[in-house]
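Following the UniProt record's numbering, the numbering of the sequence shown begins with 1 at its first residue and continues without gaps. Ideal Cβ positions, reconstructed from N, Cα and C, are used throughout, including at glycine. Since we're looking at a predicted model, the values are computed, not measured. Report on the structure given below.
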Amino acid sequence: MSSTTADPSRRSGARARRRSRPSAVPSAVIGAAIAAGLALVIGARAVDDAWLQACMIAIGASFLLLAPVVYLVELLRRSVDELTSALRTSGTGHDGLRRVAPHGESRTASSDALLHTGRDRATNHEFSATEVRTLLEGSGAERTVALAAMLGQAELVDPDAVLRSVRDAESGDEQYYALRVASRSGDALPAAVRSEILGVIEEDRRGRGLIDGDPHRRAIAEDLARRWGSAPPEGSG
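Structure representation (C-alpha cells):
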C-alpha cells in the first residue's frame with residue numbers, strides 16, 4: 001500500500017492563491033458604504049430642515065469617502081500577503097531542495113540560484129524589515145532566505161540575527177549566508193557582534209570544525225579574522 005505526501009511548495013502555492021483572491025467582506029463593506037452614502041445625499045434633497053439636510057449630506061459624503069479607503073486598505077493587505085508568501089515560498093523551496101537533492105556542487109548551485117531570487121527582490125526594495133523579521137522567526141530555511149535578502153539590502157541587516165545564525169545555524173547554508181552577511185556588513189556591525197562572531201569562528205576551529213571543514217565558509221571566516229584581527233574591544237564600532 002502506498003501513501004501520498006503533499007508537496008509543501010504546492011501547499012504554499014495553494015495558500016498564496018487563496019490569499020490573493022478578493023475578499024467578500026471588503027467588497028460588501030464598499031458596496032454598503034456607497035449605497036448608504038448615495039441614499040443619504042439623494043434623500044437630503046427631500047428634507048425641508050436645512051440643519052438635518054446638511055447633516056445627511058455630511059454623513060453621506062463620509063460614507064462615500066469610506067469606500068475608496070476600504071479598497072486601498074484591502075489592496076495594501078493583499079500586496080503584503082503576496083510579498084510574504086513569496087518569501088515563505090522561497091524558504092519552503094530551499095528547505096525542500098535540501099531534503100531531496102544529493103549533497104554536492106549541483107545542490108549548492110541550485111540552492112544559490114533559489115536564494116539569489118530573495119536577494120534580488122531585496123535589492124529592488126520589494127521586501128520590508130517587518131517581512132524579514134517574520135522569516136527570522138521561522139525555520140532554518142526561512143532564516144536562510146532572510147539572510148539572502150540582507151545581502152541584497154543593507155538596511156535589512158539584523159546584527160543579532162546574523163550572530164545567531166553563525167553560532168546556532170540549523171544548516172551549513174544558513175551559516176554560510178550569515179557569514180556572507182557579516183563579511184558584506186564589515187565594520188557596520190556592532191563591535192560586540194563582531195567580537196562574538198570571531199569567538200564562534202575560533203571556537204569552531206578548535207573544536208567542532210564545521211566552519212573549518214567547509215572550504216566556502218572557511219574562506220569567509222579566514223577573511224573576517226584577517227580584516228577584524230583579534231576580537232575588537234568593547235565599545236568600539
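Please list, in chain order, all residues of the same chain as ARG167 whose beta carbon is under 7 Å from its beta carbon, the five residues on each side excluded.
The count along the sequence shown starts at 1 and reaches residue 167 at position 167. VAL200.
Taking its Cβ as the centre, do 16 or more other Cβ atoms sit within 10 Å of ALA154, making it buried, or is it exposed?
Counted from its first residue, the sequence shown places residue 154 at position 154. Burial call: exposed.
Could you name the residues of the same chain whose beta carbon sits closer than 7 Å to that of LEU66, not counting the 5 residues immediately before and after it, in chain order?
Here the question's residue 66 lines up with position 66 in the sequence shown. Result list for LEU66: ALA33, in chain order.
So for PRO215, helix, strand or coil by DSSP?
On the sequence shown, position 215 is the one that residue 215 refers to. If DSSP states are grouped into helix, strand and coil, PRO215 belongs with the helices.
Quick check: what's the CA-CA separation for ARG174 versus ARG143?
To locate residue 174, count along the sequence shown from 1; it is residue 174. To locate residue 143, count along the sequence shown from 1; it is residue 143. Strictly speaking, residue 174 in this sequence is Glu, with Arg absent from that position. Taking the straight line joining both Cα atoms gives about 7 Å.
Over the uninterrupted alpha helix (DSSP H) stretch that includes GLN175, give me the two end residues.
On the sequence shown, position 175 is the one that residue 175 refers to. It spans 172–185 - the alpha helix (DSSP H) in which GLN175 sits, taken as one unbroken run.
Which class does GLN53 belong to by DSSP, given the choice of helix, strand or coil?
By 1-based counting over the sequence shown, the position of residue 53 is 53. Helix at GLN53.
Check whether the Cβ atoms of GLY193 and LEU156 lie closer than 7 Å to each other.
To locate residue 193, count along the sequence shown from 1; it is residue 193. To locate residue 156, count along the sequence shown from 1; it is residue 156. The question names Gly, but residue 193 in the sequence shown is Val. In this structure, LEU156 does not lie closer than 7 Å to VAL193 by Cβ.
Go ahead and label TRP51 buried or exposed: buried means 16 or more other beta carbons lie within 10 angstroms of its beta carbon, across all protein chains shown.
Residue mapping note: residue 51 aligns to position 51 of the sequence shown, counting from 1. The residue is exposed, with fewer than 16 neighbouring Cβ atoms inside 10 Å.
Sorted by chain position, which residues of the same chain lie with C-beta nearer than 8 Å to SER171's C-beta, five sequence neighbours on each side aside?
Residue mapping note: residue 171 aligns to position 171 of the sequence shown, counting from 1. Contacts found: ARG98, GLY140, ALA141 and THR144.
Would you report the Cα separation of ALA44 and GLY31, rounded to the nearest angstrom?
Within the sequence shown, the letter at position 44 stands for residue 44. Within the sequence shown, the letter at position 31 stands for residue 31. Spanning the two alpha carbons is a distance of roughly 20 Å.
Within 10 angstroms of its Cβ, does LEU210 collect 16 or more other Cβ (buried), or is it exposed?
Counting from 1 along the sequence shown, the entry for residue 210 is found at position 210. The residue is exposed, with fewer than 16 neighbouring Cβ atoms inside 10 Å.
Comparing alpha-carbon positions, which option in LEU135, ASP214, PRO190 and LEU40 lies nearest LEU163?
One-based indexing of the sequence shown puts residue 163 at position 163. Cα-wise, what sits closest to LEU163 is PRO190.
Can the beta-carbon of LEU147 be found less than 7 Å from the beta-carbon of ALA169?
Residue numbering aside, residue 147 sits at position 147 when the sequence shown is read from its first letter. Residue numbering aside, residue 169 sits at position 169 when the sequence shown is read from its first letter. Cβ atoms of LEU147 and ALA169: not closer than 7 Å.
Under three-state DSSP, which class holds GLU137?
For the purposes of this step, residue 137 is taken as the residue at position 137 of the sequence shown. GLU137: coil per DSSP, three-state reduction.
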